[in-house]
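**Student:** Sharing a structure with you now.
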Amino acid sequence: MGGGGQLIEIINEWGLEILTKEGKPTWTRNDQSSVIDLTLTTPSLVNRLIQCQRADDIEHASDHYPIRTVLDFETPVRTQPKRRNWKATDDAKLFHRIEENLRVEDLSQAGPQQIEAKCQGLMQSGSQGGPSSSPQTHENA
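Printed below as a string of structure tokens:
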């Protein structure tokens with residue numbers, strides 16, 4: 011089976027849609043031309059298609075024309091996580107907050123769950139000490 015047959019088999023197997031329009035060559039050389047550059051999509055994206063056409067307005071140094079494909083997508087805006095300005099930390103407040111939770115009771119008879127709970131409390135005291143002792147950076151304010 012030739013390359014074209016394999017491509018058709020893959021398109022059918024995956025249920026893909028061909029967006030490239032017939033009749034408008036995507037490749038030209040001398041007096042030859044063909045629609046050999048294909049734009050494929052899944053059926054779920056066909057209804058989001060705004061444009062798929064040869065982009066004659068784009069400069070290209072090739073015998074293949076670029077294909078402009080525009081889909082209607084709304085890209086979610088990534089929000090920056092809140093950050094602390096650790097250089098402006100009030101060390102006395104931070105140390106006090108951590109020391110409050112460092113008072114360790116006798117854990118010699120404690121079980122794994124009690125030890126885990128105490129460790130979690132210690133880690134939480136460090137992370138909770140930050141907000142009370144360190145301002146947020148200006149970009150988060």
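Residues in the sequence shown are numbered from 11 upward in steps of one, following our numbering. Glycine residues also receive a C-beta, built at the ideal position from the N, C-alpha and C atoms. On a predicted model such as this, the values are computed, not experimentally measured, just so you know.
Counting Cβ pairs closer than 8 Å, one from the stretch 62-80 and one from the stretch 30-37, do we hit at least three?
**Tutor:** A contact exists between the stretch 62-80 and the stretch 30-37.
**Student:** Let me know if Ile18 comes out buried or exposed under the rule of 16 or more other beta-carbons within 10 Å of its beta-carbon.
**Tutor:** Reading the sequence shown from its first residue, position 8 is the one you call residue 18. Counting Cβ neighbours within 10 Å, Ile18 comes out exposed, since fewer than 16 surround it.
**Student:** Quick check on the DSSP output: the alpha helix (DSSP H) that includes Trp45 runs from which residue to which?
**Tutor:** Numbered from its first residue, the sequence shown carries residue 45 at position 35. Checking the displayed sequence, the identity of residue 45 turns out to be Val instead of Trp. Note, Val45: premise wrong, no alpha helix (DSSP H); not H, not E.
**Student:** Would you call the stretch 88-96 in contact with the stretch 39-46, where contact means no fewer than 3 C-beta pairs closer than 8 Å?
**Tutor:** Result no; under three Cβ-Cβ pairs closer than 8 Å.
**Student:** According to DSSP, what are the bridge partners of Thr85?
**Tutor:** Looking up residue 85 in the sequence shown gives position 75. Its beta-bridge partners do not exist; DSSP assigns none.
**Student:** Would you mind working out which of Thr79, Arg58, Ile108 and Leu59 sits nearest Ile68, comparing C-alpha positions?
**Tutor:** What you label residue 68 is simply residue 58 of the sequence shown in a count that begins at 1. It is Thr79 whose Cα lies nearest to the Cα of Ile68.
**Student:** Which value, in whole angstroms, describes the spacing of the CA atoms of Met133 and Thr147?
**Tutor:** Taking the first residue of the sequence shown as position 1, residue 133 is located at position 123. Taking the first residue of the sequence shown as position 1, residue 147 is located at position 137. Computed Cα separation, rounded: 22 Å.
**Student:** For Leu26, which option in Gln16, Ile46 and Thr51 has the closest C-alpha, if you only look at C-alpha atoms?
**Tutor:** The sequence position of residue 26 within the sequence shown is 16, counting from 1. Nearest C-alpha to Leu26: Thr51.
**Student:** CB Arg64 to CB Leu81, shorter than 8 Å?
**Tutor:** Within the sequence shown, the letter at position 54 stands for residue 64. Within the sequence shown, the letter at position 71 stands for residue 81. Their beta carbons are not under 8 Å apart, which means Arg64 does not touch Leu81 by this criterion.
**Student:** Could you tell me the alpha carbon to alpha carbon distance between His70 and Glu23, rounded to whole angstroms?
**Tutor:** By one-based count along the sequence shown, residue 70 stands at place 60. By one-based count along the sequence shown, residue 23 stands at place 13. Rounded to the nearest angstrom, the two C-alpha atoms are 33 Å apart.
**Student:** Pull up the distance between the alpha-carbon of Ser54 and that of Arg93, whole angstroms please.
**Tutor:** Your numbering for residue 54 matches position 44 in the sequence shown. Your numbering for residue 93 matches position 83 in the sequence shown. Rounded to the nearest angstrom, the two C-alpha atoms are 39 Å apart.
**Student:** Rank Leu48, Ile108, Glu110 and Lys128 by C-alpha distance to the C-alpha of Leu117 and give the top, closest one.
**Tutor:** Numbered from 1 along the sequence shown, position 107 holds the residue referred to as residue 117. Measuring from the Cα of Leu117, the nearest candidate turns out to be Lys128.
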